[in-house]
Amino acid sequence: MARRKYVVGNWKMNGLSDAISEAQAIFSAATGHQSVDVALCPPFTLISAMVAAAPGAAVGGQDCHSATSGAFTGSVAAPMLADIGAGVVIVGHSERREGFSESDADVQAKAEAGLAAGLSVILCCGEPREVRESGGAIDFVLAQIAGSVPASFDPHQLAIAYEPIWAIGTGLVPTVADVAAMHGAIRGALAARFGDVADDMRLLYGGSVNGENAAELLDAGDVDGALVGGASLTAAKFVPIIAAADALG
Ligand code: PGA
Numbered sequence: 000m001a002r003r004k005y006v007v008g009n010w011k012m013n014g015l016s017d018a019i020s021e022a023q024a025i026f027s028a029a030t031g032h033q034s035v036d037v038a039l040c041p042p043f044t045l046i047s048a049m050v051a052a053a054p055g056a057a058v059g060g061q062d063c064h065s066a067t068s069g070a071f072t073g074s075v076a077a078p079m080l081a082d083i084g085a086g087v088v089i090v091g092h093s094e095r096r097e098g099f100s101e102s103d104a105d106v107q108a109k110a111e112a113g114l115a116a117g118l119s120v121i122l123c124c125g126e127p128r129e130v131r132e133s134g135g136a137i138d139f140v141l142a143q144i145a146g147s148v149p150a151s152f153d154p155h156q157l158a159i160a161y162e163p164i165w166a167i168g169t170g171l172v173p174t175v176a177d178v179a180a181m182h183g184a185i186r187g188a189l190a191a192r193f194g195d196v197a198d199d200m201r202l203l204y205g206g207s208v209n210g211e212n213a214a215e216l217l218d219a220g221d222v223d224g225a226l227v228g229g230a231s232l233t234a235a236k237f238v239p240i241i242a243a244a245d246a247l248g
């Protein structure tokens with residue numbers, strides 16, 4: 000089963016109104032790359048403007064609450080994202096798991112909320128450096144998957160992003176062999192639990208992806224795309240990654 004490549008930009012807490020023109024440049028360039036799906040996840044504050052500036056483009060949030068509404072000061076619910084035209088939500092990023100103490104159960108509930116709101120969900124996992132160095136990375140990540148992937152879902156609506164924490168924003172990347180081994184283990188665990196639907200799920204790699212390393216990483220076994228932080232903030236840096244994915248699509 001052929002899986003279309005998927006390249007997602009996570010702007011994190013970056014971008015004021017003037018960054019919308021950069022998103023327009025990215026989405027406009029992406030129309031020339033038909034074999035890859037492209038999404039941008041800006042801060043909540045920019046979603047509406049980005050949706051308006053790039054009609055039809057896939058725009059998303061970087062988090063959502065698991066409840067649909069209520070007394071949760073500062074939080075945003077998945078139906079609110081859908082309501083303003085977002086089509087995507089990232090859940091379980093390590094900066095949420097670590098910085099905001101989100102557990103696997105929290106991430107699972109957020110993923111379920113995103114799916115229920117009709118959003119395309121990108122669920123993140125990944126090990127810290129000391130776990131990688133001790134040889135326990137695959138076990139660690141498979142435990143995250145077991146605890147945070149919802150019990151049922153449409154495989155076209157849920158992607159997994161493997162992002163080793165030590166590779167995020169550091170310029171360090173795992174070897175292609177290590178990425179392929181991890182992605183193969185993730186797909187194997189999903190197949191053992193969910194059967195054939197695992198073949199349809201896209202597994203993204205994230206962590207210091209850039210225009211130079213994208214082609215090699217995106218060509219690794221069971222890698223169906225990339226979740227990109229720093230290099231997604233400008234068209235100059237992000238479009239080469241989109242082009243690399245398109246060339247493999
Ligand atoms: P990075 O971030 O590309 O800046 O390493 C990736 C991410 O955190 O999604």
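Counting in numbering that gives the first Met the number 0, the sequence shown runs from 0 upward without gaps.
Cβ coordinates follow ideal geometry from the N, Cα and C atoms, glycine included.
Note that the structure is a prediction, hence the values are computed from the model and not measured.
Exposed or buried, Gln-33, counting other C-beta atoms within 10 Å across all chains shown (16 or more means buried)? exposed
Grouping DSSP H, G and I as helix and E and B as strand, with all else coil, what is Ile-121? strand
Note down, in chain order, each residue of its chain lying with its Cβ closer than 8 Å to the Cβ of Ala-85, except the 5 sequence neighbours on either side. Same-chain partners within the cutoff: Ile-46, Val-50, Val-58, Gly-59, Gly-60, Leu-118.
N-terminal and C-terminal residue of the beta strand (DSSP E) that Lys-4 is part of: 4-9
Inspect the CB distances between the segment 9-17 and the segment 213-220 and report whether three or more fall short of 8 Å. no
What do you reckon, are the CB atoms on Gly-113 and Val-106 nearer than 8 Å? Result no, Cβ atoms of Gly-113 and Val-106 do not sit closer than 8 Å.
Does the beta carbon of His-92 fall short of 7 Å from some heavy atom of the ligand PGA? yes
Hey, Asp-62 and Ile-19 are a contact pair by Cβ (cut 8 Å); roughly how many whole angstroms apart? Rounded, the Cβ-Cβ distance is 21 Å, inconsistent with contact.
Taking the beta carbon of Ser-231 as the centre, do at least 16 other beta carbons fall within 10 Å, making it buried, or is it exposed? buried
Alpha-carbon spacing of Val-238 relative to Gly-224, whole angstroms: 14 Å
Straight-line CA distance for Gln-78 to Ala-116? Before going on, a small fix: residue 78 reads as Pro here, not Gln. So the two alpha carbons sit approximately 5 Å from each other.
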